[in-house]
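Shown next, in structure tokens, is the structure this report addresses.
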Amino acid sequence: MSNTIKFKIDGKEIVAELGQTIVEAAHANGVYIPTLCNFPGVPPKGGCRMCTIKINGRFMTSCTTPAADGMEIENNTDEINDLRKSIIELLFVSGNHFCPACEKSGNCELQALGYRYQMMVPKFPYSFPLKEVDASSPKIIKDQNRCVLCQRCMKTIKTEDGERYFAFSNRGDKLEVIMDPDLGEKMTDEIAQLAMDNCPVGSIIKKEVGFVEPIGTRKYDKEPIGTDIDV
Amino acid sequence: MKEKILEIISNYKKDKTRLMDILHDIQGVAGYVDEEAIELLHKELGISTSEVREVISFYHFYSSEPKGKVNIYLNDSITAVMHGREAVLEAFEKECDVKEGSVSEDGEFGLYHTSCIGMNDQEPAAIINGKMFTRLTPYRVKEIVKDLKNGKDIKELIYEGDGGGRNALPEIHSMVCNNIRRRGALLTHDYTPFDVTSNILGKSSPEDIISVVEESNIRGRGGAGFPTGMKWKFGRKAKGEHHVVICNADEGEPGTFKDRVLLTEFPELVFEGMVIAGYAVGADIGLLYLRYEYKYLLKYLNGVLEEMRSKNVLGNNINGIEGFNFDIRIQLGAGAYICGEESALIESLEGKRGEPRDKPPFPVEKGYMNYPTVVNNVETLASIPKILTKGADWFLGLGDKASSGTKVLSISGDCNYPGIYEVEWGTTIKDILDMSGAQNVQAIQVAGPSGALIGEKDFGRTISYSDLPTGGSMIVFNKQRDILRDVVMNFMNFFIEESCGSCSTCRNMTTVLKERFVKILDGKGVASDIDDLLNWSDVLKVSRCGLGQTAANPITTSVTNFRHLYENLIQKDVEFDSGFDLEESVKESCAAVGRQPILHNM
Ligand SMILES: Cc1cc2nc3c(=O)[nH]c(=O)nc-3n(C[C@H](O)[C@H](O)[C@H](O)COP(=O)(O)O)c2cc1C
Numbered sequence: 001m002s003n004t005i006k007f008k009i010d011g012k013e014i015v016a017e018l019g020q021t022i023v024e025a026a027h028a029n030g031v032y033i034p035t036l037c038n039f040p041g042v043p044p045k046g047g048c049r050m051c052t053i054k055i056n057g058r059f060m061t062s063c064t065t066p067a068a069d070g071m072e073i074e075n076n077t078d079e080i081n082d083l084r085k086s087i088i089e090l091l092f093v094s095g096n097h098f099c100p101a102c103e104k105s106g107n108c109e110l111q112a113l114g115y116r117y118q119m120m121v122p123k124f125p126y127s128f129p130l131k132e133v134d135a136s137s138p139k140i141i142k143d144q145n146r147c148v149l150c151q152r153c154m155k156t157i158k159t160e161d162g163e164r165y166f167a168f169s170n171r172g173d174k175l176e177v178i179m180d181p182d183l184g185e186k187m188t189d190e191i192a193q194l195a196m197d198n199c200p201v202g203s204i205i206k207k208e209v210g211f212v213e214p215i216g217t218r219k220y221d222k223e224p225i226g227t228d229i230d231v
Numbered sequence: 001m002k003e004k005i006l007e008i009i010s011n012y013k014k015d016k017t018r019l020m021d022i023l024h025d026i027q028g029v030a031g032y033v034d035e036e037a038i039e040l041l042h043k044e045l046g047i048s049t050s051e052v053r054e055v056i057s058f059y060h061f062y063s064s065e066p067k068g069k070v071n072i073y074l075n076d077s078i079t080a081v082m083h084g085r086e087a088v089l090e091a092f093e094k095e096c097d098v099k100e101g102s103v104s105e106d107g108e109f110g111l112y113h114t115s116c117i118g119m120n121d122q123e124p125a126a127i128i129n130g131k132m133f134t135r136l137t138p139y140r141v142k143e144i145v146k147d148l149k150n151g152k153d154i155k156e157l158i159y160e161g162d163g164g165g166r167n168a169l170p171e172i173h174s175m176v177c178n179n180i181r182r183r184g185a186l187l188t189h190d191y192t193p194f195d196v197t198s199n200i201l202g203k204s205s206p207e208d209i210i211s212v213v214e215e216s217n218i219r220g221r222g223g224a225g226f227p228t229g230m231k232w233k234f235g236r237k238a239k240g241e242h243h244v245v246i247c248n249a250d251e252g253e254p255g256t257f258k259d260r261v262l263l264t265e266f267p268e269l270v271f272e273g274m275v276i277a278g279y280a281v282g283a284d285i286g287l288l289y290l291r292y293e294y295k296y297l298l299k300y301l302n303g304v305l306e307e308m309r310s311k312n313v314l315g316n317n318i319n320g321i322e323g324f325n326f327d328i329r330i331q332l333g334a335g336a337y338i339c340g341e342e343s344a345l346i347e348s349l350e351g352k353r354g355e356p357r358d359k360p361p362f363p364v365e366k367g368y369m370n371y372p373t374v375v376n377n378v379e380t381l382a383s384i385p386k387i388l389t390k391g392a393d394w395f396l397g398l399g400d401k402a403s404s405g406t407k408v409l410s411i412s413g414d415c416n417y418p419g420i421y422e423v424e425w426g427t428t429i430k431d432i433l434d435m436s437g438a439q440n441v442q443a444i445q446v447a448g449p450s451g452a453l454i455g456e457k458d459f460g461r462t463i464s465y466s467d468l469p470t471g472g473s474m475i476v477f478n479k480q481r482d483i484l485r486d487v488v489m490n491f492m493n494f495f496i497e498e499s500c501g502s503c504s505t506c507r508n509m510t511t512v513l514k515e516r517f518v519k520i521l522d523g524k525g526v527a528s529d530i531d532d533l534l535n536w537s538d539v540l541k542v543s544r545c546g547l548g549q550t551a552a553n554p555i556t557t558s559v560t561n562f563r564h565l566y567e568n569l570i571q572k573d574v575e576f577d578s579g580f581d582l583e584e585s586v587k588e589s590c591a592a593v594g595r596q597p598i599l600h601n602m
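Here the protein sequences line up with chains A and B, keeping their order. Just so you know, our numbering puts 170 at position 170 of the first sequence, and the rest follows in order with no gaps. Just so you know, our numbering puts 81 at position 81 of the second sequence, and the rest follows in order with no gaps.
Written out as structure tokens, the structure is:
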């Protein structure tokens, strides 16, 4: 039995390997599907809903759905792009995202997605929630104003024994990602750097160093998100 | 205390998948889960303290903060509000000297709100130290608190006597009433417990059983309506070291309480349904997930399981059927509507936060501990022994074309006789209103907040998988009710409170919608705000699970069916209103500085 499967995204034929998710297959074939919470190497958890596509007319997340032979997928359509824009706008209005003052500006995936999906002013009203900043760790700052609750830090930053540095707290509109106080206290520079790098936004910021690379010359300052994938 | 907690943890063999039980037991001895306990859990279970807190903070009935000696959870549901919740709350606040959401200064009383507790036909109701108190009045509250202050045990405090039926059994001893007002195929007492297990299972192959269930066309009664026979077939086919059957008794949809009555009066039927499912699917593990609110039934239900073990209806080689080993464990939930969603329920069973999983894979392929798992509702399982005894044709003879059998409805709200009504599928809404003695009806909420709010023009429609599907919740509102301000608002608050929050649309859009809705209620709405409500609701359709996908239904169905109520609130001849009140917003600071600014209209 062959391990190769074929399916279509917006009419374009995609050749993939059995076991690949739709996002993996799409990206390998030069078709961009936006993601935010997805992170290579750890199990997906369709949390941000950015990679929503339509398979045979049904909404699914492409980071969690395995590619299958013969699928007909809609990705770059007005309906879906509008939805993605709304999702980004919701993330903006539900937090406090002030790009000009943020260390992550230019390297921030939320900001880059905002540009890519041409968000001007969100159509939803800002909520300006009161959020805390946890600076208890000697290595990092965990800023809840900017957290998009993607779980990337929860999934990727662990001790050798597999304990998590970051965890959820509460639920619903009170949901937060908190830093374990004991583990935060003992955090190494390497872990701190990794946590900051894996965070798609500016919610985890390394202490003491900043703005080494000037704004204007950073990753998404140079080219819009996804252009490395689009062909 | 340290010794006790270590003992609890070792009772569960330091198994972190049993964290739900461990936390319940710790709270049982210590009242709440304190720093020391969290530290011990971290060391013994090998998860960080934050991972322990992550679970505690997810569930409404766990706490890492001190609680009262007596804890009162007063139900929030719309029917409680309609039947005098506010006065009851005031009475509790006054008598216990405590504000809702806190503990009294002397540490005696904790008073909290809680989402629907499955008592909609006897509201206002509260859970006090795990015991159910129904039909509360300010007078009754005074008596209860006085007796508690005088040191009476909570178990003695039953003011109306036992609620009748098996509620009067010493193992339950509860004032909860069954209120069964109409019996059909399922609720009729024509069933001899465990007959199917002794007479039919041995003579039929699992495949035979599945085909009878398939032929009967029964669909899941938990709301989603998936064909039960097909689900069992998938479960049987899926490969795994173990197979699992789960009975979903989380019954959290506001306004439904029929599973509570089924478990009280017909637990043998439900458990035998599970045994049959176990045989058909090839399962060896059986689990019943019981919502915490129904904890008062736990001892009794465990007693029934004991009896089944003693009769070899559970255990090894059940009824002499070689190799048919199946047992049932009851898992207590801890207060989270979302845990009724089958994959969230499974996460909870594994000792985690009840966050729905991404599908595929579906539970029938990878469920509890990644084993193939069949999840069925209480009522679905209770129907199975009768279908096997009386035959698929008998069942097909009931109901309508799209939906065979009967449906047990939970009817509450503005009707003379709230309670349990078993009707055939295909019954009209008008008949349902008439049989419950509802008059002067403005609207009925079919299938709970996640269903539809419908008005008079739709009362000729039927409950059916081809018309109005329902898990059974029916809440009636008369013409005096303020549908938007009271009903829709209550439902939106419910979804916001009960969303797990892990997917962005459900977490964020529900509050955005509510704010726009409140803007209209506050008289600041314009015509385009109504369109915004409908258009924005579409975003929720891409949420991960049914909660998010239906969370806008209170708004969308009320806009569709009661648009005039919205239009009455909209400002005429105003095209734009930001909804921002400058004067109001600066009031506090003006008062502080003692100056009046000159405000320009915005
Ligand atoms: C938010 C949410 C809550 C649910 N609550 C329940 C519940 O309390 N009881 C139930 O049986 N099913 C509930 N369901 C449906 C279950 O996911 C599942 O479909 C059902 O248990 C399957 O059993 P059935 O096929 O016998 O209906 C809920 C679904 C969602 C999305």
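From the three backbone atoms N, C-alpha and C, an ideal C-beta is built for every residue, glycine too.
Of all alpha-carbon atoms in B:GLY163, B:SER204, B:GLU355, B:MET119, the one lying nearest the alpha-carbon of PHE257 of chain B is that of B:MET119. Looking at the backbone, the Cα of GLY426 of chain B and that of LYS4 of chain B are separated by about 55 Å. Against chain A, a Cβ distance below 7 Å from PHE58 of chain B picks out ARG171. Residues of chain A whose Cβ lies closer than 8 Å to the Cβ of LYS541 of chain B are, in chain order, PHE59. In chain order, SER94, LEU149, GLY172, ASP173, LEU175 make up the part of chain A whose C-beta sits under 8 Å from the C-beta of ARG507 of chain B.
In the assembly as shown, ALA101 of chain A is an exposed residue. Its beta-carbon has fewer than 16 other beta-carbons within 10 Å.
If you look at HIS113 of chain B, you'll find it in the beta strand (DSSP E) that goes 109 to 114. The beta carbon of PRO363 of chain B sits closer than 7 Å to the beta carbons of GLU342, SER343, ILE346, THR373, VAL375 from its chain, once the five residues preceding and following it are set aside; these are given in chain order. Every alpha helix (DSSP H) of 4 residues or more that sits fully in the region 132 to 200 of chain A is shown, in chain order, as 152 to 156, 181 to 185, 189 to 198. Taking each of B:GLY165, B:VAL275, B:LYS352 in turn and checking the Cα distance to ILE180 of chain B, the smallest one comes out for B:GLY165.
At least one beta carbon of chain A lies nearer than 7 Å to the beta carbon of SER504 of chain B. Counting C-beta pairs with one atom in each stretch, the region 474 to 487 of chain B and the region 436 to 454 of chain B have three or more that are closer than 8 Å, which means they touch.
For VAL375 of chain B, the distance from the CB to the nearest heavy atom of ligand 1 is below 6 Å. Under the 8 Å Cβ criterion, the region 428 to 437 of chain B does not count as touching the region 245 to 265 of chain B, having fewer than three qualifying pairs. DSSP places LEU290 of chain B inside the beta strand (DSSP E), whose first and last residues are 285 to 290.
The CB of GLU497 of chain B comes closer than 7 Å to the CB of GLY172 in chain A, given here in chain order. Of all residues in the region 26 to 50 of chain A, the ones placed with a Cβ closer than 9 Å to any Cβ belonging to chain B are LEU36, CYS37, PRO44, LYS45, GLY46, GLY47, CYS48, ARG49, MET50, in chain order.
For ligand 1, a non-hydrogen atom lies closer than 6 Å to the CB of LEU547 of chain B.
Ligand 1 never approaches PHE271 of chain B closely enough for any of its heavy atoms to be under 6 Å from the residue's Cβ. The beta carbons of GLY68 of chain B and VAL33 of chain B sit no closer together than 7 Å. Taking the CA atoms as reference points, PRO206 of chain B sits about 30 Å from ASP358 of chain B. Annotation: the region 152 to 238 of chain B contains the following complete segments of the alpha helix (DSSP H) (minimum length 4 residues), in chain order: 195 to 199, 206 to 216, 228 to 237. In the structure shown, the three-state DSSP call for GLU424 of chain B is strand. Taking the Cα positions, GLY282 of chain B is about 11 Å away from ILE210 of chain B. Distance from the CA of LYS295 of chain B to the CA of MET274 of chain B, rounded to the nearest whole angstrom, comes to 20 Å. Taking 6 Å as the cut-off, the C-beta of ALA224 of chain B counts as close to a heavy atom of ligand 1.
Proximity of ARG544 of chain B to chain A, defined by a Cβ-Cβ separation below 7 Å, is satisfied. Separation of ASP284 of chain B and ASP327 of chain B (C-alpha to C-alpha, rounded to the nearest whole angstrom) is 7 Å.
Taking all protein chains shown into account, GLN118 of chain A has fewer than 16 neighbouring C-beta atoms within 10 Å of its C-beta and is therefore exposed.
Shown here, VAL81 of chain B sits in a helix according to DSSP, grouped into three states. Boundaries of the alpha helix (DSSP H) harbouring PHE495 of chain B: 489 to 498, taken from the DSSP string.
Each of B:LYS131, B:ILE200, B:VAL212, B:ASP208 was checked against the Cα of ILE172 of chain B, and the nearest Cα belongs to B:LYS131.
Put simply, the backbone Cα of GLY351 of chain B is about 38 Å away from that of ARG140 of chain B.
Its chain contains ILE14 as the residues whose beta carbon lies nearer than 6 Å to that of ASN29 of chain A, once the 5 sequence neighbours on both sides are disregarded; these appear in chain order.
The Cβ-Cβ distance between ALA68 of chain A and ALA16 of chain A does not fall below 7 Å. Of the residues A:TYR32, A:GLN193, A:VAL42, A:PRO44, the one whose Cα lies closest to the Cα of ASN81 of chain A is A:TYR32.
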